[in-house]
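See structure below.
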Amino acid sequence: MLRALADCNNFFASCERALNPALIGVPIVVLSNNDGCVIARSSEAKLLGIPMGAPFFQVRRVCEAHSVKVFSSNFSVYGDFSERVMEVLAKQARDFESYSIDEAFLGFPDMPEADARALGHRIRNDVLLTTGISVSIGMGATKVLCKLANERAKSDAESGGVIVVPSSPAGREEFLKGVKTRDIWGVGKGLATRLRGHGILSAQDLAEADPAFIRRLAGVVGERIALELRGIPCHEIIENAEARKSIMVSRSFGRPVSDFIDLSEAIATHAVRAAEKLRQENLATSTVTVFFGTNRFQKEAEQYGTSETEEIDFLTDDLGVIGAMAQRALKRVFKEGYFYKKAGVILTELSSKDVVQETLPGLGTAVPSSRNRLMKAVDTINAKLGKEMVRPASTGFERKWKSKSEQLSENSQTQEKVLPKTNGVPKRRIRFHE
DNA sequence: TCTGGGGTCCTAGGACCC
DNA sequence: TCTGGGGTCCTAGGACCC
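So in this note's numbering, spot 82 of the first sequence is number 82, and the numbers just go up one at a time.
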């Protein structure tokens with residue numbers, strides 16, 4: 001079966017540009033939370049040599065010198081663009097898997113290879129016209145081949161944004177010879193080093209290697225990659241994403257904190273947000289993990305970091321219960337005398353709330369319905385009036401530890417705008433900062 | 001001065017059981 | 001010198017990805 005990977009080009013930067021066409025041709029970078037690292041670059045910014053993942057303070061001068069537009073990330077906006085792109089892509093193929101915020105796998109049973117290129121260009125045009133976002137299309141027999149084709153489509157200007165890996169052994173070999181193992185999807189630094197030790201340098205070397213040998217060297221993960229390179233699918237296109245297994249909320253602090261009360265407020269804040277996500281997805285949990293740590297980049301400073309888990313014997317989505325569990329865990333492992341840089345909360349052992357109510361009728365006594373109504377009220381108010389409009393006092397008032405988002409606050413005027421429409425269907429209104 | 005956040009999967013090894 | 005052999009389950013940590 002012919003498969004494809006559609007991957008948005010410079011996604012976050014493209015979103016900012018789609019919102020503000022005056023930015024066309026201007027170098028753009030988008031920063032991570034806390035304005036820490038570069039997580040997206042327009043092609044102009046890439047040409048300036050600004051690396052992906054670079055700490056912003058290391059590239060600030062280059063940005064200033066070349067008038068690079070710098071944005072704090074605005075994930076609610078990127079999420080809206082993502083929905084729009086996915087909507088268009090999902091219509092193009094029988095099989096569809098939204099793989100990440102800016103990528104989707106498509107499956108085309110019965111599609112002749114000869115028609116693949118033209119199909120790819122049609123999809124590209126369709127997404128560009130309806131969303132303003134440019135995507136690259138990589139096509140082949142397996143997901144791993146699609147990934148490689150996609151990378152080539154992005155880097156090879158002559159491809160017009162579409163590359164098909166031929167299914168003929170000779171054509172595939174020609175393609176794979178020019179690909180370094182480290183550039184294969186699923187081959188990280190560790191595996192690439194091990195492969196190199198055995199003379200496996202290119203994707204073609206890996207495809208040709210004895211699968212049993214690769215299995216010993218790199219486990220089932222490596223073996224599957226090798227088979228996929230040969231055109232044998234090991235990873236199907238998964239239509240219905242399985243229920244997620246964990247929810248994590250974590251942030252670095254805007255400045256180091258050492259007081260218990262500050263850490264406690266941050267943990268409370270993250271627990272509230274995690275519980276909110278839980279309710280949005282109609283899930284419930286019995287297990288809460290908190291973690292926190294000092295700044296690992298400050299080598300000379302004394303380091304401490306840990307995680308601690310608290311369990312209960314029923315399932316809940318109540319921010320009060322989850323918040324209290326997080327605080328109990330924190331109190332057990334907090335240590336005085338360190339400068340902490342980051343903290344977070346993880347919820348695991350997730351179940352559907354419907355299942356909970358069906359299979360555990362006794363839950364009605366564990367979670368009073370008045371609490372359910374309270375959670376609904378909190379969610380409704382915050383959805384209507386803005387994030388954190390209602391929150392527990394335990395999340396703090398002064399909140400000196402909050403992340404910074406300097407590039408956002410620089411233009412703190414919030415405006416309402418409407419994204420472009422498809423098929424006359426109005427999209428929900430979004431808030432964002434210009 | 002300043003270094004993100006949120007996931008998944010696999011494996012090895014220990015605990016425990018028969 | 002000699003001290004079974006398999007299983008399963010769970011967990012921590014590593015590796016990788018976007």
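Here a beta-carbon is modelled for each residue, glycine too, at the ideal position from N, C-alpha and C. As the structure is a computational prediction, the values presented were derived from the model and not from experiment.
From the DSSP output, in three-state form, read off residue 339 for me.
coil
To the nearest angstrom, how far is the alpha carbon of residue 284 from that of residue 18?
37 Å
So does the region 321-328 actually touch the region 287-295, counting three or more Cβ pairs closer than 8 Å?
yes
Can you give the Cα-Cα distance for residue 495 and residue 404, rounded to whole angstroms?
Residue 495 cannot be examined here, being either before or after the span of the chain that is shown, 1 to 434.
Cut-off 8 Å between Cβ atoms - residues of its own chain near residue 252, not counting five sequence neighbours on either side:
33, 34, 36, 341, 342, 403
Among the candidates 269, 157, 185, 50, whose CA atom is the shortest distance from the CA of residue 387?
269
Got a sec? Which residues, its chain only, sit under 7 Å from residue 86 by beta carbon, not counting five neighbours each side?
98, 104
Where residue 48 falls: helix, strand or coil (DSSP):
coil
Euclidean distance between Cα positions of residue 364 and residue 315
Confidence in residue 364 is poor, its pLDDT being 46 and thus under 50, which makes the residue's placement too unreliable to answer from.
Do the region 205-219 and the region 302-309 make contact, defined as three or more Cβ pairs closer than 8 Å?
no
Can you find the residues in the same chain that come closer than 7 Å, C-beta to C-beta, to residue 179, ignoring five residues on each side of it along the sequence?
148, 202, 203
Is the number of C-beta pairs between the region 327-337 and the region 237-252 that are closer than 8 Å three or more?
no
Look at the alpha carbon of residue 110 and the alpha carbon of residue 92, and state the distance between them as a whole number of angstroms.
14 Å
Identify every run of the alpha helix (DSSP H) within the region 18-68, keeping only runs that are complete inside it and at least 4 residues long; order them along the chain.
43-47, 56-65
Looking at the secondary structure, which residues open and close the beta strand (DSSP E) in which residue 307 lies?
305-316
By how many angstroms is the C-alpha of residue 206 removed from the C-alpha of residue 169?
14 Å
Please report the distance separating the alpha-carbon of residue 370 from that of residue 276.
17 Å
State the beta-bridge partners of residue 156 as determined by DSSP.
In DSSP, residue 156 forms no bridge with anything.
Reduced DSSP secondary structure (H/G/I, E/B, other) of residue 412:
Confidence is the limiting factor: at residue 412 the pLDDT is only 34, short of 50, which leaves the residue's position unreliable, though a coordinate-based value still follows. Three-state result, residue 412: coil.
For residue 102, which residues of its own chain have a beta-carbon under 6 Å away from its beta-carbon, when the five flanking residues on both sides are left out?
8, 11
Contacting residues, own chain, Cβ-Cβ under 7 Å from residue 24 (five flanking each side not counted):
17
Could you tell me which whole alpha helix (DSSP H) segments of length 4 or greater appear in the region 71-140?
75-90, 116-131
Best match in 126, 294, 279, 300 for proximity to residue 319 [C-alpha to C-alpha]
279
Tell me the rounded alpha-carbon separation between residue 271 and residue 338.
22 Å
Opposing strand residues paired with residue 8 [DSSP bridges]:
135
Should residue 174 be labelled buried (16 or more other beta-carbon atoms within 10 Å of its own) or exposed?
exposed
Give the secondary structure of residue 436 by DSSP, where H, G and I count as helix, E and B as strand, and everything else as coil.
This structure cannot speak to residue 436, because the chain is shown only from 1 to 434.
Cβ atoms of residue 266 and residue 247: under 8 Å apart, would you say?
no
Short Cβ contact (8 Å threshold) for residue 40 with residue 135
no
Thinking C-alpha only, which one of 152, 151, 140 is nearest residue 167?
140
Coarse secondary structure for residue 179, derived from DSSP in three states:
coil
At the level of alpha carbons, what is the spacing between residue 172 and residue 47?
30 Å
Mind checking residue 375: buried by the 16 CB within 10 Å criterion, or exposed?
buried
Outcome for residue 20 when other beta-carbon atoms lying within 10 angstroms are tallied against a minimum of 16
exposed
Taking 8 Å as the cut-off, decide whether the C-beta atoms of residue 142 and residue 231 are in contact.
yes
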